[in-house]
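Engineer: Protein chains in written order, with the numbering used here: chain A, 438 to 635; chain B, 438 to 635.
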DNA sequence: CGGAACATACCGGCCGGTCGGTATGGGCTC
DNA sequence: GAGCCCATACCGACCGGCCGGTATGTTCCG
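1) May I have the straight-line CA-CA distance separating residue 612 of chain B from residue 528 of chain B, to the nearest angstrom?
2) With H, G and I counted as helix, E and B as strand and the rest as coil, what does DSSP make of residue 449 of chain A?
3) Restricting to runs no shorter than 4 residues, where is the alpha helix (DSSP H) found entirely within the stretch 519–546 of chain B?
4) Any idea what DSSP makes of residue 589 of chain A, helix, strand or coil?
5) What did DSSP end up calling residue 510 of chain A once you bin it into helix, strand or coil?
6) Report the three-state DSSP secondary structure of residue 624 of chain A (helix, strand or coil).
7) Mind reading off the beta-carbon distance from residue 569 of chain B to residue 603 of chain B? Whole number of angstroms is fine, and I expect it under 8 Å.
8) Report the CB separation of residue 534 of chain A from residue 621 of chain A in whole angstroms; it is logged as a contact under 8 Å.
9) Determine the closest residue to residue 488 of chain B out of B/454, B/508, B/608, with distance taken between C-alpha atoms.
10) Using 8 Å as the threshold, is the stretch 459–466 of chain B in touch with the stretch 509–519 of chain B, meaning 3 or more CB pairs across them?
11) Could you tell me which chain A residues have their CB closer than 8 Å to the CB of residue 559 of chain B, listed as they occur along the chain?
12) Quick check: residue 558 of chain B and residue 509 of chain B, are their CB atoms within less than 7 Å of each other?
13) If you draw a straight line from the alpha carbon of residue 469 of chain B to that of residue 553 of chain A, how long is it in whole angstroms?
14) Determine the contact status of residue 588 of chain B and residue 523 of chain B, defining contact as a CB-CB distance below 7 Å.
15) Compute the distance between the beta-carbons of residue 592 of chain B and residue 574 of chain B, then report whether it is under 7 Å.
16) Starting from the C-beta of residue 459 of chain B, find all residues in its chain whose C-beta is less than 8 Å away, skip the five residues before and the five after it, and write them out in chain order.
17) At the level of alpha carbons, what is the spacing between residue 519 of chain A and residue 577 of chain A?
18) Assign residue 632 of chain B to one of three DSSP states: helix, strand, or coil.
19) Anyone know if the C-beta pair for residue 505 of chain B and residue 565 of chain B falls short of 7 Å?
20) Using a Cβ cut-off of 7 Å, which residues of the stretch 465–476 of chain A contact any Cβ in chain B, in chain order?
21) If the criterion is Cβ atoms closer than 7 Å, does the pair residue 539 of chain A and residue 606 of chain A meet it?
22) Looking at the structure shown, is residue 493 of chain B part of a helix, part of a strand, or coil, going by DSSP?
23) Which first and last residues belong to the alpha helix (DSSP H) in which residue 568 of chain B is found?
24) Give the residues of chain A in contact with residue 632 of chain B, contact being defined as C-beta atoms less than 9 Å apart.
25) Given a cut-off of 7 Å, decide if residue 615 of chain B and residue 594 of chain A are closer than it, judged by their beta-carbon atoms.
26) Given this structure, state the Cα-to-Cα distance separating residue 452 of chain A from residue 583 of chain B, to the nearest angstrom.
27) Give me the Cβ distance between residue 627 of chain B and residue 632 of chain A, rounded to the nearest whole Å; I'm assuming they're in contact under 8 Å.
28) Going straight from the alpha carbon of residue 635 of chain A to that of residue 549 of chain A, what length do you get?
29) With residue 607 of chain B as the anchor, note down where its alpha helix (DSSP H) starts and where it stops.
30) Could you have a look at residue 638 of chain B and say whether DSSP puts it in helix, strand or coil?
31) Could you give the distance in angstroms between the alpha-carbon of residue 598 of chain B and the alpha-carbon of residue 526 of chain B?
32) How would you write the range of the alpha helix (DSSP H) that residue 473 of chain A sits in, first residue to last?
33) Using a Cβ cut-off of 7 Å (strictly closer), state whether residue 512 of chain A contacts chain B.
34) Going along the chain, which residues of its own chain have a beta-carbon closer than 7 Å to the beta-carbon of residue 472 of chain B, five neighbours each way excluded?
35) Give me the chain B residues within the contact set of residue 591 of chain A, using Cβ-Cβ distance strictly less than 9 Å, ordered along the chain.
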């Protein structure tokens with residue numbers, strides 16, 4: 438089976454399209470990117486695209502959905518370990534920073550391009566995002582209930598603050614400075630000291 | 438000078454267009470919004486639009502630019518007061534949360550639609566954003582230098598963390614819960630405790 | 001040989017931007 | 001203060017290109 442050297446394997450088109458789309462959407466945004474742009478970057482044709490996807494929307498939805506699955510899986514695994522509150526929150530913060538660095542483009546696309554998704558298909562993704570947020574809130578409420586953290590006016594607002602602090606890294610993170618782990622540990626120490634019981 | 442009741446005043450079109458654009462861009466994004474959408478919402482015509490603006494880009498640029506000016510002004514005023522580090526940082530955090538609540542749509546547009554601006558016109562806006570970030574970094578470095586805050590691996594990374602924590606509110610803030618001031622004070626107390634000297 | 005995986009040509013609509021024209025009102029001249 | 005003039009502020013019909021999506025043909029593999 439002598440396949441010409443650079444020729445793509447038959448059947449690999451789908452993932453190539455998704456990866457190309459991630460690049461394009463990250464660099465130029467969803468609406469600004471034409472289907473033609475994506476298929477050219479993926480080195481396939483428009484026919485191949487519409488064979489694998491119904492419409493352009495599906496592509497964005499698929500990227501969002503898979504991304505949320507990755508995040509949720511990591512988060513559920515962490516919760517399953519049943520760590521004491523301080524370690525749990527510290528690891529959670531560290532994990533999110535690492536995830537932000539790893540999935541930087543997907544984060545950017547998720548937060549910048551979600552207004553381009555129709556309301557209905559976005560529901561499914563939003564449910565997963567809500568679940569994600571709930572896990573962070575629970576980690577904090579758990580710590581407060583166990584006396585590991587001081588009481589705060591609102592565990593939800595604190596949780597959003599932590600998520601923001603950490604997720605914001607998608608805006609500025611570059612591999613040249615501190616490593617994701619170092620950044621995560623730094624943020625965790627600030628937060629843990631900040632909410633330590635009096 | 439009896440002007441007919443509902444008739445818009447001559448010359449008021451420009452601001453009406455800008456406000457309509459902020460609404461549209463916030464709700465549906467820049468590319469998804471057509472110039473036709475904007476002028477219909479502003480109750481003017483396409484001719485009026487292209488009289489006041491050269492192209493669609495100008496609109497987005499104008500929104501970004503004016504927004505950054507508002508933020509920078511507030512920040513410069515705060516710095517001019519020369520407060521001691523702890524008060525300065527606390528007020529800074531509180532101010533940004535209040536600004537986030539006040540300019541929620543502009544924040545969203547700034548962070549979600551900036552990939553739709555060509556690189557060159559965006560330079561001017563980016564310079565202002567950089568200046569803004571620099572002021573936050575300085576507030577932290579100043580506090581560390583004066584011994585009011587403990588040393589951290591990177592003042593820049595900490596500054597970005599604080600900005601993220603606070604600016605993230607544009608995603609979730611709703612007037613029904615805690616007030617912006619309360620949120621700001623809560624975040625400030627966590628951060629100040631978190632970076633207090635050992 | 002059948003169906004999955006593509007390729008290619010093409011269409012119809014929308015959208016940014018243009019262009020020739022009109023109305024309004026403030027200032028200047030006499 | 002009457003007439004004029006012209007800049008500013010708008011109007012609205014129109015165009016050309018691009019882009020999402022389709023329809024139909026072709027190739028490869030089991």
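In this text, a Cβ means the ideal position worked out from N, Cα and C, and glycines have one as well.
Structural biologist: In brief:
1) Distance between the alpha carbons of residue 612 of chain B and residue 528 of chain B: 20 Å.
2) DSSP places residue 449 of chain A in coil when its eight states are reduced to three.
3) Here the runs fully enclosed are 522–539.
4) Residue 589 of chain A: coil per DSSP, three-state reduction.
5) Under the three-state reduction of DSSP, residue 510 of chain A is assigned to helix.
6) DSSP, reduced to helix, strand and coil, places residue 624 of chain A within a helical segment of the structure shown.
7) At roughly 12 Å, the Cβ-Cβ gap does not stay under 8 Å, so residue 569 of chain B and residue 603 of chain B are not in contact.
8) Right, their Cβ atoms sit about 4 Å apart.
9) Nearest option by C-alpha distance: B/454.
10) Taking 8 Å as the limit for Cβ pairs, the verdict is that the stretch 509–519 of chain B does not touch the stretch 459–466 of chain B.
11) Residues of chain A whose Cβ lies closer than 8 Å to the Cβ of residue 559 of chain B do not exist; the shortest such Cβ separation is about 13 Å.
12) A distance of 7 Å or more separates the beta carbons of residue 558 of chain B and residue 509 of chain B.
13) The alpha-carbon of residue 469 of chain B is positioned some 7 Å away from that of residue 553 of chain A.
14) No, they are not a contact pair.
15) Taking 7 Å as the Cβ cut-off, residue 592 of chain B and residue 574 of chain B qualify as a contacting pair.
16) Setting aside the 5 residues that flank it on each side, residue 459 of chain B is surrounded in the same chain by 500, 542, 543, 546, each with a C-beta closer than 8 Å to its C-beta; the list follows chain order.
17) Approximately 13 Å between the Cα atoms of the pair.
18) Of the three classes helix, strand and coil, the one that applies to residue 632 of chain B here is coil, per DSSP.
19) Yes.
20) Residues 465, 466, 468, 469.
21) No.
22) Reduced to three states, the DSSP call for residue 493 of chain B is helix.
23) In the DSSP annotation of this structure, the continuous segment of the alpha helix (DSSP H) that includes residue 568 of chain B starts and ends at 556–582.
24) Within chain A, the residues near residue 632 of chain B are 627, 630, 631.
25) Taking 7 Å as the Cβ cut-off, residue 594 of chain A and residue 615 of chain B qualify as a contacting pair.
26) One C-alpha to the other measures close to 54 Å.
27) That belief holds up - the Cβ atoms of residue 627 of chain B and residue 632 of chain A are roughly 6 Å apart, short of 8 Å.
28) Residue 635 of chain A and residue 549 of chain A: Cα-Cα distance of roughly 39 Å.
29) Segment 606–609, the alpha helix (DSSP H) holding residue 607 of chain B.
30) In this structure chain B extends from 438 to 635, so residue 638 of chain B is not present and cannot be described.
31) Using only the alpha carbons, I get a separation of about 13 Å.
32) Here the alpha helix (DSSP H) through residue 473 of chain A covers 472–478.
33) For residue 512 of chain A, the answer is no, since every Cβ of chain B falls outside 7 Å of its Cβ.
34) Exclusion of the five residues before and after residue 472 of chain B leaves 483, 486, 493 as the residues of its chain whose Cβ lies within less than 7 Å of its Cβ.
35) Those within 9 Å of residue 591 of chain A in chain B are 614, 615, 619, 620, 623.
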